[in-house]
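One structure is given below, encoded as structure tokens.
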Amino acid sequence: MNGLFAAARHEPTRGGVGGIRGGDAQPFGLDAIVGRHCGAAPALPSASVLAGPSPMGPPVTLTSLAGQVDVGEDLVGGGERSAARVERLLISEVLVMAPVCVRLVELRMLDKTNFLRESSTMAIDHLSEVLDLIEVRGQISSAFAVRGQWVTQSVIASPLKLSVMVRGRCRLSTDGLDVPIEMEAGDVAVLTGRSWLRAEGGAGDGPLVEFAPEAGDYALRIGGADFAVDDVVLGGHVELNPAGAALLTQALPPVTRIRASDTAAPALRTCVDRLVQEVTGERMGASFAVRQHAQLLILEVLRAYLDQAELSPGWLRALTDDRLRPALTLMHGEPGRSWGLEELARAAAMSRTSFAVRFRSVAGVPPLTYLNSWRMLLARRALRDDDIRIGALAAQLGYTSESAFSTAFKREVGEAPLRYRYRLRQAS
């Protein structure tokens, strides 16, 4: 499908050994292999990865096979080598687990994503899908250590700004905030759509130290301060494509503080500590490491926010709603299909009316409006990255004609698809 979709269709495996063909996203059933080595067993629904009880031991869930498969090896080639590779792994797993009667194992290969999914143990990760589409890139702008009384102020040029109080305490102020935020060690502040940031902290009778870190000052020591004992602040921002900037600024409040005492704080603290080690050390590859850890920091910040907040209606809240997840999975997995309200409601095990009311209260928009927005995100990526014809793209996304797609795209994005593609490619 021209690299447009990151997710594969979820269709049941019907038994027997099927080859994995390069270039396709095909289900791969292994119950025939299991039958040969563990005895025949009835096929179960494709969302099952089960090991039934044996007379000699308790039930066991087969979860470790996927971790042993190197997708870059035989599997991509398909055919007999792929089947033989998986069979060897499965036989090995069965022997290790014996005595167990394995009833069904199903692996799926998702082409271009280079990983295997064990469908009953790995939930569809809609947040990752969206973050990939809007090209979230975490960046560390600066890190400084300072002692005594201090104050710093800077202009915010990005839609999302992060400020991490690594050590010590400070007060943060920004436009639209009546009372400064009291930041303690381990706290993280996320500023959305703000234009400036002021931080002040420290104690003592000495003169007030004023300074302005510049982008790229990763280990700034003010007045000979020590990163190990003095106040330490880490600044960062999030780079997004235009669609991402609009989505996240709409989904997040102007100012969010994640406290060090929050449930998700330990994972967040680990990311911060690794970042500080990299920016203050002199190890080879530090710049590369900082970029990678900054990505994880953004992810942990979003996770912590989702855990702690009573989210406002919107796409971010919809992605966290368990009751709506089956319907979202259908729309994300097959955006080109003409989904009806009744089908989506059935997937969510709700009546049409209950589903429509719940979806709108959670997502802030009706289900089919959400589907159209998802299609437009996919269209933006395809126009940016691929050379697919507009008519073919329209058909893949479920539009009856190129003109219908172009009209919908212009209404959502503000310009025609070809103009959008040309502008992005000229800019890059």
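Per UniProt numbering, residue 1 is the first one in the sequence shown, and the count goes up by one each step. Glycine included, each C-beta is placed from N, C-alpha and C at the ideal position. As the structure is a prediction and not an experimental result, all values here were calculated from the model.
Mapping DSSP to helix, strand and coil, what is residue i?
i           : result
residue 397 : coil
residue 236 : strand
residue 168 : coil
residue 300 : helix
residue 320 : coil
residue 182 : strand
residue 243 : helix
residue 138 : strand
residue 369 : helix
residue 221 : strand
residue 351 : coil
residue 403 : helix
residue 174 : strand
residue 333 : helix
residue 375 : helix
residue 338 : coil
residue 312 : coil
residue 325 : helix
residue 388 : coil
residue 264 : coil
residue 205 : coil
For residue i, count neighbouring Cβ atoms within 10 angstroms of its own Cβ and tell me buried if that reaches 16, exposed if not.
i           : result
residue 380 : buried
residue 252 : buried
residue 422 : exposed
residue 210 : exposed
residue 278 : buried
residue 429 : The question about residue 429 has no answer, for the chain in this structure spans 1 to 428.
residue 369 : exposed
residue 366 : exposed
residue 407 : exposed
residue 284 : exposed
residue 415 : exposed
residue 215 : exposed
residue 225 : buried
residue 300 : buried
residue 178 : exposed
Give me the DSSP bridge partner(s) of residue i.
i           : result
residue 231 : 146
residue 153 : 198
residue 211 : 152
residue 295 : Beta-bridge pairing links residue 295 to no other residue.
residue 425 : Answer by DSSP bridge pairing: none, since residue 425 is not bridged.
residue 188 : 164 and 258
Am I right that residue i and residue j are in contact with their C-beta atoms under 8 Å? What's the rounded C-beta distance?
i           : j           : result
residue 256 : residue 159 : Not a contact, Cβ separation roughly 14 Å.
residue 173 : residue 235 : Between residue 235 and residue 173 the Cβ distance is about 15 Å, and since that is not below 8 Å, they are no contact.
residue 286 : residue 221 : No, residue 286 and residue 221 are not in contact; Cβ-Cβ is about 17 Å, not under 8 Å.
residue 326 : residue 347 : 4 Å
residue 319 : residue 359 : Going by Cβ atoms, the distance from residue 319 to residue 359 rounds to 12 Å, so no, they are not a contact pair.
residue 290 : residue 140 : 5 Å
residue 197 : residue 149 : The Cβ separation is near 18 Å, so there is no contact.
residue 317 : residue 293 : Not confirmed; about 28 Å, so no contact.
residue 340 : residue 397 : The Cβ separation is near 17 Å, so there is no contact.
residue 246 : residue 186 : The pair is not a contact, with the Cβ atoms about 31 Å apart (cut-off 8 Å).
residue 182 : residue 194 : Going by Cβ atoms, the distance from residue 182 to residue 194 rounds to 18 Å, so no, they are not a contact pair.
At the 8 Å Cβ level, is residue i part of the contact set with chain B, yes or no?
i           : result
residue 344 : Of the chains in the structure shown, none is chain B; there is only one protein chain.
Could you tell me whether the segment 390 to 410 touches the segment 343 to 359, where touching means 3 or more Cβ pairs closer than 8 Å? no
For the 8 Å Cβ check, are there 3 or more pairs between the segment 237 to 245 and the segment 133 to 142? With the cut-off at 8 Å, the segment 237 to 245 and the segment 133 to 142 touch.
Does the structure place the segment 293 to 308 close enough to the segment 252 to 267 that three or more beta carbon pairs sit under 8 Å? yes
Could you say if the segment 316 to 332 and the segment 364 to 377 meet the contact criterion of at least three C-beta pairs nearer than 8 Å? yes
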